[in-house]
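Per full-length UniProt numbering, the sequence shown starts with residue 1, numbered consecutively. All C-beta atoms in this analysis are idealised placements derived from N, C-alpha and C, irrespective of residue type, glycine included. These figures come from a predicted structure and were not determined experimentally.
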Amino acid sequence: MKPDTRGLTREFCKLTNTSSKTALSWLKQYDFDIDLACLQWAEKESKAEAEKSIHGLFDQFKSSEDADLIDFDGSAKLFETLGVSFEDPETLLISYLLQSPNMGEFIREKFVQGCSTLSISNLSDLKNAVDQKKSLWKSDRALQKAVYIYSYPLACDKGKKNLSTGIAIELLQVLLKDFFPLLDHWVDFLQNSPIMDRALPKDTWNELWDFSLYTKVSPDCSDYDFEGAWPTLIDEFVVYYRKQVLNLSEYL
């Protein structure tokens, strides 16, 4: 049976306050199922309204020189509003959630995407979301790893892809202090290695997360697999650790 296109169009116009042309086009997308069409329209309008609110939230902290950027000063104001200082590790979590491209900066497009993903449309929503994620961060290994992996490019100098070993050490002492039993030994190893004059490879950074979990199970690295896919720098650390720290003559 052919649908009453005129009647449905009039009804859609009445319910959504749209033009006949828009109503007809929208109804066609959903085979003139007016209930489904109205539902999808309402969701679209709700999303548009929420996105408008997110832009308003961004504008509270945007740079006076670039309307699509929250600069260092704006970020400091944002963190302060959220009850976080730049020295707090939670800044890394917030940077991850709001897709910051560089430490102390947020760009409008990514900020809006991050807020939309978290169903945030105002400052109160943002505070609640950050508080919830902060609590979750203490126990959620997937979130912890995601923030850890994200922190490498985040902390790189603007326009650079590699992170200096010195900065990497500072981050590791924040991000892995509760998860990596051998962290102090790893830091000592790096500080006495030629790598201090170079960047810490990204693959080493990424794999160090899994290595930290391994050392919680095998703190003496007695069954470490040198034939595995571990980065060379981690191989060298295991040799150093078993020989220099544990004083084991047979360390391979």
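Checklist entry - For Ala-37, does the count of other Cβ atoms within 10 angstroms reach 16, so buried, or fall short, so exposed? => result With at least 16 other beta carbons inside 10 angstroms of its own, Ala-37 counts as buried.
Checklist entry - Which residue comes first and which comes last in the alpha helix (DSSP H) that contains Lys-62? => result That residue, Lys-62, is in no alpha helix (DSSP H); it is neither H nor E in DSSP.
Checklist entry - Are the beta-carbon atoms belonging to residue 300 and Ser-193 less than 8 Å from one another? => result Because the chain here runs from 1 to 252, residue 300 falls outside it and cannot be looked at.
Item to check | Ranges of the alpha helix (DSSP H) found wholly within the region 119-191, counting only runs of at least 4 | outcome: Restricted to the region 119-191, the alpha helix (DSSP H) segments that are unbroken, complete and at least 4 residues in length are 123-137, 141-155, 165-175, 183-191, listed in chain order.
Checklist entry - Are Leu-136 and Leu-143 close, meaning C-beta to C-beta below 8 Å? => result Leu-143 is positioned such that its CB atom lies closer than 8 Å to that of Leu-136.
Checklist entry - So which of Asp-131, Trp-209, Ile-70, Cys-156 has the shortest CA-CA distance to Glu-90? => result Of Asp-131, Trp-209, Ile-70, Cys-156, the residue nearest in Cα terms is Asp-131.
Checklist entry - Do Leu-118 and Phe-106 have their C-beta atoms closer together than 8 Å? => result Their beta carbons are not under 8 Å apart, which means Leu-118 does not touch Phe-106 by this criterion.
Item to check | Three-state class that DSSP yields for Ala-48 in the structure shown | outcome: Looking at Ala-48 - three-state DSSP - the assignment turns out to be helix.
Next on the checklist: Measuring alpha carbon to alpha carbon, tell me which residue in Ala-229, Glu-227, Pro-231, Asp-220 is nearest Arg-242.
Outcome noted: Residue nearest to Arg-242 within the set Ala-229, Glu-227, Pro-231, Asp-220 is Asp-220 (criterion: CA-CA distance).
Checklist entry - Run through DSSP, which three-state label would Leu-246 get? => result In this structure, Leu-246 counts as coil in the three-state DSSP scheme.
Item to check | Backbone secondary structure at Asp-82 - three-state DSSP | outcome: As written in the sequence, residue 82 is Leu, which differs from the Asp given in the question. Judged by DSSP in its simplified three-state form, Leu-82 adopts coil rather than helix or strand.
Checklist entry - What's the call for Ser-212, buried or exposed, on a 16-neighbour Cβ count within 10 Å? => result Buried, by the Cβ-count rule.
Checklist entry - So Ile-167 and Leu-208 are in contact, right, with Cβ under 8 Å, and what is the actual spacing, rounded? => result Between Ile-167 and Leu-208 the beta-carbon gap is near 15 Å, outside 8 Å, which marks them as no contact.
Checklist entry - For Ala-76, does the three-state DSSP call read helix, strand or coil? => result Ala-76: helix per DSSP, three-state reduction.
Item to check | Inter-residue CB distance, Ser-121 and Ile-54 (contact presumed, cutoff 8 Å) | outcome: With 8 Å as the limit, Ser-121 and Ile-54 qualify as a contact, their Cβ atoms being about 6 Å apart.
Checklist entry - Between Glu-65, Lys-216, Arg-141, Ser-116, which lies nearest to Ala-48 when the distance is taken from Cα to Cα? => result Cα-wise, what sits closest to Ala-48 is Ser-116.
Checklist entry - Is Trp-186 near Phe-179, with beta carbons less than 8 Å apart? => result Contact: no.
Checklist entry - Where do the N-terminal and C-terminal ends of the alpha helix (DSSP H) with Ala-229 fall, by residue? => result Ala-229 -> no alpha helix (DSSP H), and no H or E assigned at all.
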